[in-house]
Every structure is written in C-alpha cells, then in structure tokens.
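Structure, as structure tokens:
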Amino acid sequence: LAKTTQPISMDSYEGQEVNITCSHNNIATNDYITWYQQFPSQGPRFIIQGYKTKVTNEVASLFIPADRKSSTLSLPRVSLSDTAVYYCLVGDVENRDDKIIFGKGTRLHILP
Amino acid sequence: DTGVSQNPRHKITKRGQNVTFRCDPISEHNRLYWYRQTLGQGPEFLTYFQNEAQLEKSRLLSDRFSAERPKGSFSTLEIQRTEQGDSAMYLCASSRDQVEQYFGPGTRLTVT
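So the protein sequences, as listed, match chains A and B.
When we follow the working numbering, the leftmost residue of the first sequence carries the number 178, and every step to the right adds one.
When we follow the working numbering, the leftmost residue of the second sequence carries the number 317, and every step to the right adds one.
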C-alpha cells in the first residue's frame with residue numbers, strides 16, 4: 178500500500194476555500210485516492226474518491242495531476258463545522274484491497 | 317437512520333477482564349471491518365469479514381482478540397485479559413462495494 182504524507186495541521190477562516198495536499202509518490206497503477214473526514218468522538222466519514230484528473234461532489238473537489246503522485250482536496254467556502262481531521266488514503270480498490278491504512282491525517286481548524 | 321451501530325458506546329473495565337463489543341452494519345452490506353484508534357492517531361485496521369468469512373487479520377490482532385460474524389450480519393469483537401494498552405476507540409465499518417466504508421460511532425474502551 179502506498180504511503181501518504183499530509184500536513185499535520187492547517188488553519189483557515191470561515192468562507193475561505195481550503196486546499197489540503199497529500200503526497201503519495203509510490204502510488205501504484207491500480208490505486209485510487211480516497212479522502213475521509215473525522216469529527217471528534219465519531220467514526221470517519223467518506224468524502225470523495227478519485228483516480229485521475231478532477232472529481233467533484235456536493236461536498237468537495239479532488240484534483241489529481243497526471244503523474245498521480247499527489248492529490249489536493251478542495252473544500253469550498255468552509256464553515257466552523259468543517260473543523261475536523263482529514264485523512265488521505267491510497268489503495269487498490271478494484272483488486273479487493275479492502276484494508277484501509279490511515280495515517281495521522283490533517284487537523285483542520287476553521288476560525289471565525 | 318439505518319447506519320452502522322455499535323454497542324456499548326463506552327466501556328470501563330479492570331485489567332484482566334474480558335470485554336465484548338457488538339457492531340450492527342448497514343443491512344445490505346456484506347463487508348464488515350474493525351479498526352482501533354488511539355488519541356491523535358488515525359484508525360488502525362484490525363480485521364475484516366466478507367459475509368461470515370474472516371478474510372484478513374492485522375498483526376495488531378493478538379491472540380487475546382477474536383472477532384466473529386456468525387451469520388454474516390452483526391459482528392462481535394472480544395478482548396480477553398484486557399491490558400491498559402487496549403484502551404482505545406474501537407470502530408466498526410461496513411460496505412457493499414469497495415468505494416466507501418460507512419463507520420459507526422465507535423466503542424470507547426478504558427482499561428483501569
């Protein structure tokens with residue numbers, strides 16, 4: 178499983194766009210990139226998943242450059258309730274690699 | 317809401333005692349996962365089931381830990397002869413496909 182590297186923490190302000198970048202230099206051909214969000218005392222929650230280029234849903238966008246060695250989670254117009262830990266994960270989804278390896282994640286703190 | 321449920325939410329036990337946790341996955345999900353999370357760390361994979369078959373176990377799962385999913389529905393995680401190092405949040409997740417895992421709220425175990 179490819180190892181990921183993310184900033185330990187980030188601060189931003191309400192209404193700003195927040196971009197969290199994750200490095201995964203050893204990503205394999207079959208690996209997908211997945212992001213989860215976790216609030217205190219709750220289990221992680223799936224945000225978005227992608228393989229290449231750009232993926233967008235109602236919550237976030239995921240940008241993946243052509244070499245796929247990094248990815249950026251973009252949260253538009255954050256609010257205080259977006260304060261959470263965000264995990265970037267890389268894994269081979271199609272070949273039944275169900276084991277998810279979480280790192281320490283990025284602790285995002287939104288300020289008023 | 318028919319999300320993943322876990323019971324109990326909190327458990328305090330004395331060192332050396334046995335504890336058992338229960339996870340009820342989302343009903344149509346055939347895959348069930350157990351994770352352990354300590355403060356400031358991301359969740360660590362313990363084991364997973366596809367239906368009633370336990371397909372993978374982490375090296376973290378010592379012989380004091382056992383998990384079952386007897387009818388492919390709910391699952392139990394038992395820890396025998398608990399140690400203080402077992403204190404953690406135990407998370408359960410389920411999925412129907414390989415895109416997204418749905419996590420429960422967790423069981424917080426404190427071993428005194």
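For every residue, glycine included, the Cβ atom is placed at its ideal position computed from N, Cα and C.
Per DSSP, reduced to three states, the secondary structure at serine 389 (chain B) is coil, with no helix or strand assignment.
By the beta-carbon neighbour count (other beta carbons within 10 angstroms, threshold 16), tyrosine 190 (chain A) is exposed.
Per the C-alpha coordinates, the member of A:Gln219, A:Asn203, A:Asn207 positioned closest to tyrosine 263 (chain A) is A:Gln219. By the criterion of at least three beta-carbon pairs nearer than 8 Å, the stretch 245 to 252 of chain A is in contact with the stretch 196 to 204 of chain A. Given a length threshold of 3 residues, each whole run of the beta strand (DSSP E) inside the stretch 326 to 370 of chain B is given here in chain order: 326 to 329, 335 to 340, 347 to 353, 360 to 366. Contact with chain A is absent for leucine 348 (chain B), since none of that chain's Cβ atoms lies less than 7 Å from the residue's Cβ.
The C-alpha of arginine 397 (chain B) lies about 23 Å from the C-alpha of glutamate 372 (chain B). Residues of chain B whose Cβ lies closer than 7 Å to the Cβ of proline 217 (chain A) do not exist; the shortest such Cβ separation is about 10 Å. Under the Cβ distance rule, glycine 420 (chain B) counts among the residues neighbouring chain A, one pair being separated by less than 7 Å.
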